[in-house]
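If you read the protein sequences in the order shown, they are chains X and F. Residue 78 in UniProt numbering sits at position 78 of the first sequence, and the numbers go up by one each step. Residue 70 in UniProt numbering sits at position 70 of the second sequence, and the numbers go up by one each step.
Protein chains: 2
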Amino acid sequence: MPRTTETASYKFNHTMIRIKDPKVSLAFYQDILGMDLLAESKFSSFTLYFLAFNHDGKELTQEEKDKSRFSREGVLELTHNHGTESDPDFQGYASGNSDPGRGFGHIAITVDDIEKACERFEKLGVQFKKRLTDGTMKNIAFILDPDGYWVEIVPGILKV
Amino acid sequence: MPRTTETASYKFNHTMIRIKDPKVSLAFYQDILGMDLLAESKFSSFTLYFLAFNHDGKELTQEEKDKSRFSREGVLELTHNHGTESDPDFQGYASGNSDPGRGFGHIAITVDDIEKACERFEKLGVQFKKRLTDGTMKNIAFILDPDGYWVEIVPGILKV
């Protein structure tokens, strides 16, 4: 039940992170993680990419994708400031997990079979921050996205 | 349709940010934004709080909340490293929106009536980063959470 009628319509729609190179990041989020590109909004100096998992058994039309962009949960917004991808002086973005810049931690993807998911990431050459076998928590893994953001891989039935 | 059968089960489960003081942050995310606390996991040096909007017309049992924590989308994980709330030397966390530490941008909450939502935030004394009337985009607002993270408020039907 919503906590108050005033917030009954509220949804946690999206999380935004900045990316250096959309070609590389879209390949990661689409081909490796399996997200769909819902929409792309190009402005003069930056472009926004909205991605989400499509759990339906059918392809969405572009109209349905556009509509869902601000009406569903679980959307990832990638912001590309034009030029960073080819700027030799660009220092990269902070992952949020070390000083200075500590704050944001990670995004997390739930998967049904984490062993199989991690095997597939290994095969695809994905960089790991923490393999299942590292550390004390043997049932979660962390992979790195192309900008170094941490992506937690977690089984849907994890007990913490 | 999922992009591949290998990623068919994948969900964008949660986003994690670090917080200084859970009392203050929980008041913000529960009372002002209307999220439910799904679970609290206390470890020796830190505690994790998992929050999400409950869109169902009924109260969830703790078992249902625990189960949904890693099986649904739209979950926010707040990490509290014990002691920051009372440490005079604690410098605070980076919002991700200025150097050094630029990377993460914001989380976004979809609301049905953005004018009404912003009026309510004003009444509740919420700090604004961008009011509806500021800047050129008159249909989105940004408020600040207690740690200074940007929270975008966006209508569910926004066209960008």
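Glycine included, every Cβ here is placed at the ideal spot set by N, Cα and C.
Nearest neighbour of residue i, chosen from the options [CA to CA]
{"i": "Ile32(X)", "options": "Tyr10(F), Glu40(F), Phe46(F) and Ser98(F)", "result": "Tyr10(F)"}
{"i": "Ile153(F)", "options": "Leu144(F), Asp145(F), Asp147(F) and Ile140(F)", "result": "Ile140(F)"}
{"i": "Ile107(X)", "options": "Phe90(X), Thr136(X) and Gly96(X)", "result": "Gly96(X)"}
{"i": "Gln30(X)", "options": "Gln91(X), Ala52(X), Lys123(X) and Phe121(X)", "result": "Ala52(X)"}
{"i": "Ser44(X)", "options": "Ser71(X), Arg69(X), Gly83(X) and Gly103(X)", "result": "Gly83(X)"}
Residue i versus residue j - alpha carbon distance
{"i": "Asp112(X)", "j": "Gly125(F)", "result": "42 Å"}
{"i": "Asp145(F)", "j": "Tyr93(X)", "result": "22 Å"}
{"i": "Glu85(F)", "j": "Lys58(X)", "result": "48 Å"}
{"i": "Gly148(F)", "j": "Cys118(F)", "result": "17 Å"}
{"i": "Pro88(F)", "j": "Ala27(X)", "result": "44 Å"}
{"i": "Leu78(X)", "j": "Pro155(F)", "result": "19 Å"}
{"i": "Thr7(F)", "j": "Gly34(X)", "result": "6 Å"}
{"i": "Lys20(F)", "j": "Gln91(F)", "result": "10 Å"}
{"i": "Pro100(F)", "j": "Asp99(X)", "result": "9 Å"}
{"i": "Thr15(X)", "j": "Val151(X)", "result": "13 Å"}
{"i": "Val75(X)", "j": "Lys116(X)", "result": "24 Å"}
{"i": "Gln127(F)", "j": "Arg120(F)", "result": "12 Å"}
{"i": "Thr133(F)", "j": "Asp134(X)", "result": "50 Å"}
{"i": "Gly105(X)", "j": "His80(F)", "result": "12 Å"}
{"i": "Lys129(X)", "j": "Lys138(X)", "result": "13 Å"}
Cβ neighbour criterion (16 or more within 10 Å) applied to residue i
{"i": "Ile157(F)", "result": "exposed"}
{"i": "Asp56(X)", "result": "exposed"}
{"i": "Pro22(F)", "result": "buried"}
{"i": "Phe12(X)", "result": "buried"}
{"i": "Ile73(X)", "result": "Looking at the sequence provided, one finds Glu at residue 73(X) rather than Ile. The residue is buried, with at least 16 neighbouring Cβ atoms inside 10 Å."}
{"i": "Thr110(F)", "result": "buried"}
Three-state secondary structure assigned by DSSP to residue i
{"i": "Arg18(F)", "result": "strand"}
{"i": "Lys138(X)", "result": "coil"}
{"i": "Lys129(F)", "result": "strand"}
{"i": "Asp66(X)", "result": "helix"}
{"i": "Lys42(F)", "result": "strand"}
{"i": "Ala52(F)", "result": "strand"}
{"i": "Leu33(X)", "result": "coil"}
{"i": "Ile114(F)", "result": "helix"}
Say whether the stretch 55–66 of chain F touches the stretch 21–40 of chain F, bearing in mind that this needs 3 or more beta-carbon pairs closer than 8 Å, one atom from each stretch.
Contact holds: three or more Cβ-Cβ distances are below 8 Å.
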